[in-house]
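Colleague: This is the structure, below, for whatever I ask next.
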Amino acid sequence: MKVKDQFEHRNYAHCETGTIVSLLRHHGLDISEPMVFGLASGLMFAFLPFVKMMGSMPVIAYRSIPKSIIRGIQRRLGVKFEVRRYRNEEKAMEDLSELIDRKQAVGVQTSAFWLPYFPREMRIPFNAHNIVVYGKENGEYLISEPALQEPTRIKPQDLKNARFAKGILAPKGLLYYPIYVPEKIDFNSLIPKAIKRTNFMLLGAPPPCGVRGIFYLAHYLEKLGRKKDEKYIRSLLGHIALMQEEVGTGGGGFRFLYAAFLAEAYACMELPVLREASRKMMEAGNLWRNFALVCARTFKRKDSEIDLPHIANLLRMAGRAEKEVHLMLRKGM
Amino acid sequence: MTTEDAKQKLLKTRKMEWKRNVWVICGIDDQGKYQTKLEKYDDHLILSVPFADAFQEKAEEVKERILRNESSPIEYFMYKRLLEPKFLAQAMDIAVWRLKRHFKPNVFKKLDPGTLRKYANIFNVTVDDLINFREDA
Numbered sequence: 030m031k032v033k034d035q036f037e038h039r040n041y042a043h044c045e046t047g048t049i050v051s052l053l054r055h056h057g058l059d060i061s062e063p064m065v066f067g068l069a070s071g072l073m074f075a076f077l078p079f080v081k082m083m084g085s086m087p088v089i090a091y092r093s094i095p096k097s098i099i100r101g102i103q104r105r106l107g108v109k110f111e112v113r114r115y116r117n118e119e120k121a122m123e124d125l126s127e128l129i130d131r132k133q134a135v136g137v138q139t140s141a142f143w144l145p146y147f148p149r150e151m152r153i154p155f156n157a158h159n160i161v162v163y164g165k166e167n168g169e170y171l172i173s174e175p176a177l178q179e180p181t182r183i184k185p186q187d188l189k190n191a192r193f194a195k196g197i198l199a200p201k202g203l204l205y206y207p208i209y210v211p212e213k214i215d216f217n218s219l220i221p222k223a224i225k226r227t228n229f230m231l232l233g234a235p236p237p238c239g240v241r242g243i244f245y246l247a248h249y250l251e252k253l254g255r256k257k258d259e260k261y262i263r264s265l266l267g268h269i270a271l272m273q274e275e276v277g278t279g280g281g282g283f284r285f286l287y288a289a290f291l292a293e294a295y296a297c298m299e300l301p302v303l304r305e306a307s308r309k310m311m312e313a314g315n316l317w318r319n320f321a322l323v324c325a326r327t328f329k330r331k332d333s334e335i336d337l338p339h340i341a342n343l344l345r346m347a348g349r350a351e352k353e354v355h356l357m358l359r360k361g362m
Numbered sequence: 014m015t016t017e018d019a020k021q022k023l024l025k026t027r028k029m030e031w032k033r034n035v036w037v038i039c040g041i042d043d044q045g046k047y048q049t050k051l052e053k054y055d056d057h058l059i060l061s062v063p064f065a066d067a068f069q070e071k072a073e074e075v076k077e078r079i080l081r082n083e084s085s086p087i088e089y090f091m092y093k094r095l096l097e098p099k100f101l102a103q104a105m106d107i108a109v110w111r112l113k114r115h116f117k118p119n120v121f122k123k124l125d126p127g128t129l130r131k132y133a134n135i136f137n138v139t140v141d142d143l144i145n146f147r148e149d150a
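As you go down the protein sequences, you meet chains A and B in turn. Under my numbering, read the first sequence as residues 30 to 362, first letter to last. Under my numbering, read the second sequence as residues 14 to 150, first letter to last.
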């Protein structure tokens, strides 16, 4: 395990894979973000109308639950992470600065509400945002934030608040860093396992999750006109577009990222079915994007007409395209 | 300042401090290399969090109620910072009914300095701003 001297900051599509990739790269394992996302089986879909988020909006997730990527990558790659949680806030900060003094880059889970470099209206109480702390200068921590192009700084007090925010998915001071990274990884044997797991998760899951969840959401949207008022429908559509495109998904609700993983898998394994699947996944991603664009337009232009059946049909098209890809992979692998 | 002006001002400050654009994968070649591009916020999609407008409206309504002495600055800043009672109560470590009690002007006047400091820390304002209610803080 060769640790690099200088921490290299880069912009990543997603916060959780982004922190893991930059930590692994820092420890000498050259791996790309789509690879980590695909190998940890991060792709998922879930629509939970009975669980409410901010502003009484339902939960719509395009990936598996937070922290599952950290767990998944350890199981697949054989990488070992030291993971710590704390009850005592002082102890947590002391441990962090001790690790930083040893020149160890550390991933921490934070709440977006307490991060001062975010713009005011993006600071919502979302507790599963991941960042890398890699140094200390003039009493301020140096932060590598996957969502930004440049590294930033944060005051210790703000970081402490962010690490001990309360509520659902509370971080509880979670920090993690790799302690063992294998020299050589045999991707050819790992890729089929990862793809099979993703297949199982998406095709086999009960209706509110997986591919069936997509059709359930389409059905829900179609029936929405009778139940709710116009204002709620507009903000729900805006919420869907926001969750899919803006909160660090690499576009198309992670579908582009997964397509990139399949393309990279083809480069490793030379199986024609992977290239075909990657191309089709890209198309499915474009359909998803199309759907989000119509949602966003309906949300932004308050005087426009709401055509719910049309929107639901766009979503069904995306769902069908995606289902085809997963069925093809199930047959071909 | 009208709400429209406030919105424009918000967008301007946002462009200055928030240089992040949306990171999108736009094409893949056969070797598995993918190209990315950065899309500007204005080009497509959304400019604000969907529920931000609703919260702003609520904050304006609360402001009028404060002037009529029917509510306290805590409720105003809660909506201004896009928080719901549930989340604020969790951050304060108190029950929701106790938080709602603090919305009453009489109770708010009697709050001890420690609690006020805790609120001020969450809203990122000074205690003085809370007591004298400066809305733009």
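A virtual CB, placed ideally from N, CA and C, is assigned to each residue, including glycine. Remember, predicted model here, so these are calculated numbers, not experimental data.
Give a yes or no on whether the minimum CB-CB distance between Asn119(B) and chain A is below 9 Å.
Modeller: Taking Cβ atoms only, chain A never reaches closer than 9 Å to Asn119(B), which makes this a no.
Colleague: Run through chain A and tell me which residues come within less than 9 Å of Ala133(B), C-beta to C-beta.
Modeller: Those do not exist, as Ala133(B) stays about 13 Å from chain A at its closest Cβ, beyond 9 Å.
Colleague: Are the C-beta of Phe100(B) and some C-beta of chain A separated by less than 9 Å?
Modeller: Yes, Phe100(B) counts as interfacial toward chain A.
Colleague: Give a yes or no on whether the C-beta atoms belonging to Gly47(A) and Pro207(A) are separated by under 9 Å.
Modeller: Going by C-beta atoms, Gly47(A) is not nearer than 9 Å to Pro207(A).
Colleague: With DSSP run on the structure shown, which of helix, strand or coil describes Arg345(A)?
Modeller: Looking at Arg345(A) - three-state DSSP - the assignment turns out to be helix.
Colleague: For the region 80-106 of chain B, list the alpha helix (DSSP H) runs that are entirely contained and at least 4 residues long, ordered along the chain.
Modeller: Listed in chain order, the complete alpha helix (DSSP H) runs (minimum 4 residues) inside the region 80-106 of chain B are 86-93 and 98-105.
Colleague: Which whole-angstrom value is the C-beta distance of Asn228(A) and Ala199(A), which I expect to be below 8 Å?
Modeller: About 32 Å separates the two Cβ atoms, so there is no contact after all.
Colleague: Please confirm if Ile160(A) has its CB atom under 9 Å from at least one CB of chain B.
Modeller: Taking Cβ atoms only, chain B never reaches closer than 9 Å to Ile160(A), which makes this a no.
Colleague: Given a cut-off of 9 Å on the beta-carbon distance, is the pair Leu143(B) and Arg152(A) in contact?
Modeller: For Leu143(B) and Arg152(A), no; Cβs fall outside 9 Å.
Colleague: Cutting at 7 Å between CB atoms, please list the residues of its own chain near Asp106(B), excluding the five before and the five after it.
Modeller: None.
Colleague: For Phe87(A), list the residues DSSP reports as bridge partners.
Modeller: The displayed chain sequence assigns Pro, not Phe, to residue 87(A). Paired residues: Lys81(A).
Colleague: With a cut-off of 8 Å on the beta carbons, I'd call Cys44(A) and Asn159(A) a contact; round off their distance for me.
Modeller: Confirmed, Cβ separation roughly 5 Å.
Colleague: If Val162(A) and Leu125(A) are in contact, beta carbons under 8 Å, what's the gap, nearest whole angstrom?
Modeller: Confirmed, Cβ separation roughly 7 Å.
Colleague: Could you work out which residue in Leu144(A), Leu77(A) and Met357(A) is closest to Lys184(A) when comparing CA atoms only?
Modeller: The shortest Cα separation from Lys184(A) among Leu144(A), Leu77(A) and Met357(A) belongs to Leu144(A).
Colleague: Compute the Euclidean distance between the alpha carbons of Tyr54(B) and Tyr91(A), then round it to the nearest angstrom.
Modeller: Caution is warranted here: a pLDDT of 48 is assigned to Tyr54(B), below 50, making its placement in the model unreliable, and the coordinate value is therefore given only provisionally. Roughly 21 Å between the two C-alpha positions.
Colleague: Can you tell me the Cα-Cα spacing of Glu259(A) and Asp336(A), whole angstroms?
Modeller: Approximately 11 Å between the Cα atoms of the pair.
Colleague: With DSSP collapsed to three states, give me the class of Lys178(A).
Modeller: Reading off the sequence, residue 178(A) comes out as Gln, not Lys. The answer is coil: DSSP assigns Gln178(A) none of H, G, I, E or B.
Colleague: Does any C-beta atom of chain B lie closer than 9 Å to the C-beta of Pro185(A)?
Modeller: With 9 Å as the cut-off, Pro185(A) does not count as an interface residue toward chain B.
Colleague: Could you run through the region 75-94 of chain A and flag, in chain order, every residue whose CB is less than 9 Å away from some CB of chain B?
Modeller: Residues Met83, Gly84, Ser85 and Met86.
Colleague: Look at the Cβ atom of Phe64(B), then the Cβ atom of His339(A), and state whether they are nearer than 9 Å.
Modeller: Not in contact: Phe64(B) and His339(A) (Cβ atoms no closer than 9 Å).
Colleague: Chain A partners of Phe64(B), CB-CB under 8 Å?
Modeller: The contacting residues are Met83, Gly84, Met86, Ser264 and His268.
Colleague: Out of Phe290(A), Leu204(A) and Leu265(A), state which residue places its alpha-carbon closest to the alpha-carbon of Ile224(A).
Modeller: Ile224(A) has its Cα closest to that of Phe290(A), out of Phe290(A), Leu204(A) and Leu265(A).
Colleague: From Arg116(A), Ile98(A) and Asn190(A), pick the residue whose C-alpha is nearest to that of Phe142(A); which is it?
Modeller: Nearest of Arg116(A), Ile98(A) and Asn190(A) to Phe142(A), Cα basis: Asn190(A).
Colleague: Take Cys297(A) and list the residues in its own chain whose beta-carbon comes closer than 7 Å to its own, dropping the five residues that flank it on each side.
Modeller: Closer than 7 Å at the Cβ level, and outside the excluded window around Cys297(A), lie Phe216, Asn217 and Ile220.
Colleague: At 7 Å on the CB atoms, spell out the chain B contacts of Gly107(A), in chain order.
Modeller: Residues of chain B passing the Cβ test: none, with the nearest at roughly 22 Å.
Colleague: Count the other CB atoms within 10 Å of the CB of Thr278(A); is the residue buried (16 or more) or exposed (fewer)?
Modeller: Thr278(A) should be labelled buried.
Colleague: Determine the direct distance from the alpha carbon of Ala75(A) to that of Phe283(A), and round the result to whole angstroms.
Modeller: Their Cα atoms are separated by approximately 13 Å.
Colleague: For His158(A), which three-state DSSP category applies?
Modeller: Three-state result, His158(A): strand.
Colleague: Comparing the C-beta of Lys189(A) with each C-beta of chain C, is any distance below 9 Å?
Modeller: In the displayed structure, chain C is absent; the protein chains listed are A and B.
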